[in-house]
Structure formats: structure tokens, C-alpha cells
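4 protein chains.
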Amino acid sequence: MANPKKIEKRKKQILSVAEKVFAKKGFQEATISEIAEQAKVSEASIYEYFTTKQGLLFSIPIEAAGELFDKSEFHIKLIRGAANKLRATIYLFMMTYQENPDFAAIIMLILKHNKNFLETEGHHIIRNGIKNIIVIIEEGIDSGEFRSDIDPHLIRSMILGTIEHIVTTSLMTGHPTNLLEMVDPIIDVITAGICAKGLSGSNCCPLGITNQ
Amino acid sequence: MANPKKIEKRKKQILSVAEKVFAKKGFQEATISEIAEQAKVSEASIYEYFTTKQGLLFSIPIEAAGELFDKSEFHIKLIRGAANKLRATIYLFMMTYQENPDFAAIIMLILKHNKNFLETEGHHIIRNGIKNIIVIIEEGIDSGEFRSDIDPHLIRSMILGTIEHIVTTSLMTGHPTNLLEMVDPIIDVITAGICAKGLSGSNCCPLGITNQ
Amino acid sequence: MANPKKIEKRKKQILSVAEKVFAKKGFQEATISEIAEQAKVSEASIYEYFTTKQGLLFSIPIEAAGELFDKSEFHIKLIRGAANKLRATIYLFMMTYQENPDFAAIIMLILKHNKNFLETEGHHIIRNGIKNIIVIIEEGIDSGEFRSDIDPHLIRSMILGTIEHIVTTSLMTGHPTNLLEMVDPIIDVITAGICAKGLSGSNCCPLGITNQ
Amino acid sequence: MANPKKIEKRKKQILSVAEKVFAKKGFQEATISEIAEQAKVSEASIYEYFTTKQGLLFSIPIEAAGELFDKSEFHIKLIRGAANKLRATIYLFMMTYQENPDFAAIIMLILKHNKNFLETEGHHIIRNGIKNIIVIIEEGIDSGEFRSDIDPHLIRSMILGTIEHIVTTSLMTGHPTNLLEMVDPIIDVITAGICAKGLSGSNCCPLGITNQ
DNA sequence: AATGAATGAGGCTTCATTCAT
DNA sequence: TATGAATGAAGCCTCATTCAT
Chain Y
1 MANPKKIEKR KKQILSVAEK VFAKKGFQEA TISEIAEQAK VSEASIYEYF
51 TTKQGLLFSI PIEAAGELFD KSEFHIKLIR GAANKLRATI YLFMMTYQEN
101 PDFAAIIMLI LKHNKNFLET EGHHIIRNGI KNIIVIIEEG IDSGEFRSDI
151 DPHLIRSMIL GTIEHIVTTS LMTGHPTNLL EMVDPIIDVI TAGICAKGLS
201 GSNCCPLGIT NQ
Chain X
1001 MANPKKIEKR KKQILSVAEK VFAKKGFQEA TISEIAEQAK VSEASIYEYF
1051 TTKQGLLFSI PIEAAGELFD KSEFHIKLIR GAANKLRATI YLFMMTYQEN
1101 PDFAAIIMLI LKHNKNFLET EGHHIIRNGI KNIIVIIEEG IDSGEFRSDI
1151 DPHLIRSMIL GTIEHIVTTS LMTGHPTNLL EMVDPIIDVI TAGICAKGLS
1201 GSNCCPLGIT NQ
Chain P
2001 MANPKKIEKR KKQILSVAEK VFAKKGFQEA TISEIAEQAK VSEASIYEYF
2051 TTKQGLLFSI PIEAAGELFD KSEFHIKLIR GAANKLRATI YLFMMTYQEN
2101 PDFAAIIMLI LKHNKNFLET EGHHIIRNGI KNIIVIIEEG IDSGEFRSDI
2151 DPHLIRSMIL GTIEHIVTTS LMTGHPTNLL EMVDPIIDVI TAGICAKGLS
2201 GSNCCPLGIT NQ
Chain A
3001 MANPKKIEKR KKQILSVAEK VFAKKGFQEA TISEIAEQAK VSEASIYEYF
3051 TTKQGLLFSI PIEAAGELFD KSEFHIKLIR GAANKLRATI YLFMMTYQEN
3101 PDFAAIIMLI LKHNKNFLET EGHHIIRNGI KNIIVIIEEG IDSGEFRSDI
3151 DPHLIRSMIL GTIEHIVTTS LMTGHPTNLL EMVDPIIDVI TAGICAKGLS
3201 GSNCCPLGIT NQ
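So the protein sequences, as listed, match chains Y, X, P and A.
Just so we're aligned: the first sequence equals residues 1 to 212 in my numbering.
Just so we're aligned: the second sequence equals residues 1001 to 1212 in my numbering.
Just so we're aligned: the third sequence equals residues 2001 to 2212 in my numbering.
Just so we're aligned: the fourth sequence equals residues 3001 to 3212 in my numbering.
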């Protein structure tokens, strides 16, 4: 039977519409009715695929987040140098948000502040994914590329916080923002802030800008 | 007459309770009925002072935000050196959020993502308040304390984003976090990242940590 | 003291504003708050003069209706001939409604259908006032001016119904209507309909139009 | 399927109950809750069929008014003579109101004075329906049955105003009234008032009463 | 006499969700 | 599998009205 395929297709169709609607209206303002209508599916059908409205919401980021972190992990392996890896990470985040503003809105404006999201699959994927940032920073410290007195979690908070702030501001104001242009300025300041003194070039600070 | 006083007192009483309830439950889950009950006021009375449930929410940050930025502005004047001023700013933010987690929750978990908040008095106060950060950074550039190739808005985004990420994470997980302890590590990385090369001591990097 | 005068003045002021507001908004949509505001009086003050919102409404027509019927009664005495008297009556009604559309609206669009109004002073005045129409018609029958087979109450219903329909339609559509112009056409048909056969001239049919 | 039938049945059931409740209590005093209860339907279900409490009200007269005017139009065609046609029209109106006092109350006590009703389907039906009265009168004038100096709109206002006044008075006082008994006396006066002089018998004045 | 301040009371409406078909 | 149809559950908000001052 083509059933499993059809089911999967329908599910994706619903998820795709839901992403759009939630992104545009927010969780409360979005209605199952509107999602059903746009997905050309009955409201009851949505409940065939998702347990609740919240469950539907929480299912949205699973795929995209998975892809992001898979891609991230893959590329990181190809890159040498912690600073370069951090740059790649930031770049992939920004690229993802740039290319998929609805996904960005769901993450930044809805899920990030939803305590119920904490124990869901989507959140596990994200939490797991950003562990890599810690690993990269620790590698940088171990290799001497980064100062040894920095706290990897703090640095990650700075990186993620910066990304979140920029993306959120862009979403909230609606001003078109070129997120990719901001990657280098960000990584520049970060690496300048955490690189071990005296290091430069390929060892640290991907843009060659250091405070030597 | 005791009128103006009483009114002000009642209003503050309602705002204070509302802050607590909204912080705990979020906007949707919080009910006017619960706020009224806890404030020992009738539901109708709340509508004497605030036009709408959302209007009540938007009124909450006005006072505290005003105080924060007033204090901020005052202290900044007393401090010499852009890096030191940035540190003071971060410190005051963190202190405010540390001392008033309910206010922090309202800002970080509710208002920051509410587009309707954008055109309110509370948002104007905040937007105005954080302009000072730009000014400080520009001063630092002009004085030669900071590198001239940095974008003040980006630096501010990094500072605010970092604060927001840390505070939000703390609120979301519920883990007790000493926010004040994070001030120096943050400002350390930031200043290391943006200080002009060769600078140190009293001119930049308040903690004396530089990448010289 | 000038108290009684002041009180009376205030009361009239409130009534006058209430008439305007009720006429414009209808009973339900009008609010005591709006009336108080426009009358430059506190809401509580309105309750010094009128027991309830409905009581205020019911007080509105008392004065104008009294005047109308007093005037009516006075003029009727000066006129000879039942048909002429009917014409004068219709004329005075139309003139009153023409000159005071707010009063007309209160009567036609609000009070006429309010069962609670039935037992009030205002209604007594009106009910009493329109008894005169019956008297006139009966006089016309007795004098031989009108056919003896007509039912005075029905004729009155026709007269009042016609007036009400025309005034109501004018109020509802908002189209400016010259009510006075309609007096003669109305009385013409009525008298033609009820005049005893063979009568004409000054005895019946004020306009000299008969079906002889 | 029984779907369309069931839906239609439910809708009619709600409309029927709503007619009763609105007629008894008026619009404001009637509650959706009461209508739902009496219709043995949930309140929410009412909103499946009608957009709003007011929308429900405005839907009530559509069917009955449609029937009345359809019937009216049909019978008018069978009758010769404008006066006879007018009589039939009045008769059908009175019969409808006599047989369905709730419908009468909705029309006379609620809708007739509601400006929001003006642009609804129900009002269009009514407005359209009473155009026929104009047509009949014009025919009467053209055929020489009625005087040529009468204004058809005024005559219609007299007819409708008379009906409305009588029905409204009956509804307001609650006195049982035989509306059908009033048809002939009304049409008698009207036709006597508007028939061309000299006419009688089958040409005008259906009851044979003229002012010849 | 006048009113500022407070509230009781209650209805409409919206949706997520369910279930029989 | 798909959905049409039905509803339970709740909450915001509005005002007329009161009463202490």
C-alpha cells in the first residue's frame, strides 16, 4: 500500500502549514481551524496525526533542527581549528534562520519560552545539538587556541544569545536583515575575546584579526 | 486628600500582584480573576485602572524599567572609561533581574516576543534606555579605547543577547543562578574582543585581562 | 435659597442630554457614563435625580408630551368641525416631531415598544392626550360630520399609525423628511374615508376634497 | 445522507425557539443560554449555525416573511381590482400576525426599530415585499379605480402604519385582539378615502360602501 | 448636594477536542 | 482513514448602581 507514504505526506503537509500559521500568528492566536483550512484537511484529521495543538507545535522543529545539527556535525568534522568550527556553526545557524524565517519565528518567538517544550523530542534534539558548541570550545582550550580561563558554557551563551538577539530583533521589527553578513563580525569579536594571546592566522581568529 | 495616594497605592498593589501572576503563569494562563483575588480587589476594579488584560501586562515593566535606566544613567556618569561603563551597565541589568525574577520573567518570557508591546510606553522606555549602550561604545571608539572597526549595534546585541540568554535559561530551567557572578566573565570576553590592541590597565579591560 | 431652581435646572440639563444620547444610541447602547459626561455631572449625581437608568428614560417625554397635549387641547377648542380638529391634531403631532427629532426618536424607537413604560407617568400623559382624538371623532359622528358606522378607535389607530409609520421611517432611514407637508394629504384621505356622504366644504374635509 | 436534513432541522429548531424567547423577553433580556437550553442544544452549537446573537435574531423573520410575501404575490394575481387586492394584502398580513404572534412581536417590537437590521437579508425581503403595495395602488390609479391625486407611498404608509399600530397595541397590552375582524373596517375607510368619486360596486370599495 | 471610587453580576463568544459514522 | 457535527469549559469585560465622604 501507499499508505505509509501518504500518511507521511499528509503529516508533512500539516506540519508545513502549521509552521507558517504559528509563525505568523503565534501560538494562541493561531487556530486549529485555520491550519486545517489551509492544509485542506479537516480539523479532526489533524488530531489523527497530532495529539494536541501543543503537540503539533512541538513537532514542528524536529525535522529542521535535526537537519541543522546533522549538517553542523558533518561540516565541523571537515574543519580544523576551534575558531573556524565556531564560525561554521554560527554560519549554519544564521543560514538556517535566514532561509527559513518561519522556523526561526517558531523557535525564537514561541518555543524558546515555553516550559512545556523542555521535555519534548524537539528540545532534546536542540539541547543535544548545541552540546557540540561546548565540545568545540573545550577543544579550543585544550589545543591552546583559546584562553584557558574562559568558561565554555558562558562562551556558548554569548554565541547563542547573540544569534538569538539578532534573529529575534529581525523577526520582531520585520526589518529585512542579512543575517549572514553578521557572522564574521560576531566571530571576530568572540575569537578576539577568547583567543589565547599571541595566536593568530590559521590557529585562531579566522579573519586574521587579533589583538596581538 | 488621600485620594491620589490611595489610587496610586491600589494601582501599585494590582501591578505587583499581576507581575507575580503573569511571571508564574504566563499571559494566557494568568486570569484577571486570579489577579483580582490575590490583589484583594474586584475584577471590575482592575478595569478602573487598566484598560485591558494586555494593557495591565504592558504597564508592569514601566516603573522598574524606568528605575533601572535612571540608575544606569546616573552611575554611568560617575564612571570613567567605556569598558568600565559597560561593566556597570551589565552589572545593573543582572542585579535587577537577580533581585526581581518576576520582572525578569515578564520581560524575557512574555514581553520580548510580543509585537503588540512594541508601540507601548514600556517599550519606549526600554528602547530609549538601551540607546545608552550604543553611546558608551561609540565613546569608547572615539577615545581609542575600543577598536574602530567594531559595529556598536552588534556589540550591544552581543551584550544584551548574552544577558538575555543567561537570564532566560535561568528562568526556564529554574536552576538558581548567581547572575552577578557572570558579569565579570562576560565583560572580560567582550572587552578582550573589542579593546584596541595594546591597551590595558585603566584604559580598557576593567579586570586587567587583555590580549596584549 | 436658589436651591429648588438649581435642582430643577440640573434635572433639565440631565434630561436634555439624556434625550440626545438615548435618541442617538438607543437605550441599551447609551450609557449613564456618557450622559453624565455630556451633562458635565458625575454619574452618581444622576442617581440623585433619577432612580434608575430606565427611570431617567421614562422621565424624558413627560414635559414635551405634556406640552404637546396641552397645546393640542387648547387649539382644539378654538377650532370648529371635527375634521378640522383632526387636522390640527395631526399637524401639532407632526410639528412636534419635526421640531424635536430626539423626542420623536425616544417615543418611536424606544418607548413605544417598552412594556415597562406602560405604567409610568409619561405613558399616562400620552394615553390621556390621545383620548382627545376619540372625543373629536365621536363629536364628528354625533354632529353628522362623520359616518356613523366608523369605529373611533380604529380611526384613531389609522391616524396614529400613519403618523408613527412616517416618523419612524424618517428616523430609521435618516432621510430628511418634511413631515408638515404630509399633514394635508393624510387628513385628506382620512376625511374622505370617514366623512358622511354628501358633506363638503366647511363641514367636513378641510381641504374641500370629497367624494361626493 | 441525512446530513442536510438534520442540519436544516436543527437550524429551524433553534430559530423556532429563538423566536419564542426573543418575542417574550426582547433582545437584550433574552439570553443565548436560555435559547440553547430550550432548544436542547449547547450554546456553542448555536454559534455553529449563527454568527452572533444579533445574527440569530435577524435570521428569524426570513422564512416567515418570505412565505408571507410569496403567498401575497400569488393571491394578488388571482384577484381583480386594486381595492380587492389591497384588502387581500391587509388580510394576509393580519392573518400572519394573528397566527404567529411571536413573529409579530419580533417584527413589531424588536426589528422595526433596529437600524442594524436595515441591511440584512430579512429586511431586503420585507422591503421588497411591500413594494407590491405600491404597485397595486398605482394600478388602481391607472385603472381609474383610485383617485389620481393620491400619493401611493402615503397610502402604503397609512395601510402599514395602521396594521402596525393595531398589532403593536395588541402585543403591548396583551389584550386578545381579533385582527382579522379589523381588516374590513380598515379597507373600508381606506378605499372610501381613495376611490375615485362615483365608483362603486365591483370596481372599487370591495364592501360596497362608498361615498357616492 | 455632589461625587470618587468600588463592585456585583452575568453574558457572549471562542476553540480545542471528541466521537459516531 | 477521514470528517462533520457537537460541545464543554472559561474568561474578559461592561455597566448600572451604591455608599462613604
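Cβ atoms here follow ideal geometry from the backbone N, Cα and C, with glycine treated the same way.
How many Å lie between Y:M158 and X:V1189 at the Cα? 9 Å
Rounded separation between A:V3183 and P:D2102 - CA only: 33 Å
Does A:L3086 get closer than 7 Å to chain P when you measure Cβ to Cβ? no
C-beta contact flag for P:S2072 and P:L2086 at 7 Å: no
As assigned by DSSP and simplified to three states, the class of X:F1146: strand
Going along the stretch 1032-1047 of chain X in order, which residues come within less than 7 Å of chain Y, judged by CB to CB distance? none
Would X:S1157 count as contacting chain Y if we go by Cβ distances under 7 Å? yes
Keeping to the same chain, check which residues put their C-beta closer than 8 Å to that of P:L2180; ignore five residues upstream and five downstream. Y2091, M2094, M2095 and Q2098
Examine the Cβ distances between the stretch 1139-1153 of chain X and the stretch 1077-1085 of chain X and report whether three or more of them are shorter than 8 Å. yes
Strictly under 7 Å for the Cβ-Cβ distance: is A:D3184 near chain P by that measure? no
Taking CB distances under 7 Å as the criterion, tell me whether X:D1151 reaches chain Y. yes
Could you give the C-beta distance for X:T1177 and X:I1133, rounded to a whole number, given that I count them as a contact under 8 Å? Contact flag wrong, Cβ pair sits at about 22 Å.
Proximity below 7 Å, CB of Y:L171 to CB of Y:A105: yes
Could you spell out the range, first to last residue, of the alpha helix (DSSP H) harbouring Y:A83? A82 to E99
Please check if any C-beta of chain P sits within less than 7 Å of the C-beta of A:I3194. yes
Please list, in chain order, the residues of the stretch 1084-1117 of chain X that have any C-beta partner in chain Y closer than 8 Å. M1108, L1109, I1110, K1112, H1113 and K1115
How big is the Cα-Cα spacing for Y:T168 and Y:A196? 31 Å
I'd like to know whether the C-beta of A:A3023 is nearer than 7 Å to at least one C-beta of chain P. no
Terminal residues of the continuous alpha helix (DSSP H) containing Y:D151? Element bounds for Y:D151: n/a, residue is neither H nor E.
Would you kindly work out how many angstroms separate the C-alpha atoms of A:K3020 and P:T2173, rounded to a whole number? 28 Å
So, for Y:P4: in the same chain, excluding its five sequence neighbours on each side, which residues have a beta-carbon less than 8 Å away from its beta-carbon? none
Looking at the structure shown, is X:A1030 part of a helix, part of a strand, or coil, going by DSSP? coil
Does the beta-carbon of X:I1007 have 16 or more other beta-carbons within 10 angstroms, so that it is buried, or is it exposed? exposed
Close beta carbons around P:T2120, own chain, < 7 Å, minus the five adjacent residues each side: F2058
Could you round the C-beta distance between X:L1109 and X:I1130 to whole angstroms and report it? I think they count as a contact, below 8 Å. 19 Å between Cβ atoms; not a contact.
For P:N2166 and chain A, any beta-carbon pair shorter than 7 Å? The amino acid occupying residue 2166 of chain P in the given sequence is Ile; Asn does not appear at that position. So yes, P:I2166 belongs to the interface.
Which residues in chain A sit within 7 Å of P:L2160, going by Cβ to Cβ distance? H3165
Own chain partners of A:V3017 with C-beta closer than 7 Å, once the 5 adjacent residues on each side are dropped: I3035, Q3038 and A3039
Suppose contacts are defined by Cβ-Cβ distances below 7 Å. Is X:R1127 in contact with X:I1194 by that definition? no
Assuming P:I2032 contacts P:I2046 (C-beta within less than 8 Å), just tell me the rounded distance between them. 6 Å
Given Y:D151 as reference, the closest of Y:I136, Y:G26 and Y:K53 once Cα atoms are compared: Y:I136
In chain order, what residues of the same chain have a beta carbon less than 7 Å from the beta carbon of X:I958, not counting five sequence neighbours either side? Outside the displayed span of chain X (1001 to 1212) sits residue 958 of chain X, for which this structure offers no information.
I want to verify the contact list: residues of chain Y whose CB lies under 9 Å from the CB of X:Q1028, in sequence order. F27 and Q28
Taking 7 Å as the threshold (beta carbon to beta carbon), is A:L3179 in contact with chain P? no
Using only alpha-carbon positions, find the residue among P:H2113, P:A2023 and P:H2124 that is nearest to P:N2100. P:A2023
Closer than 7 Å to chain P by CB, A:L3068: no
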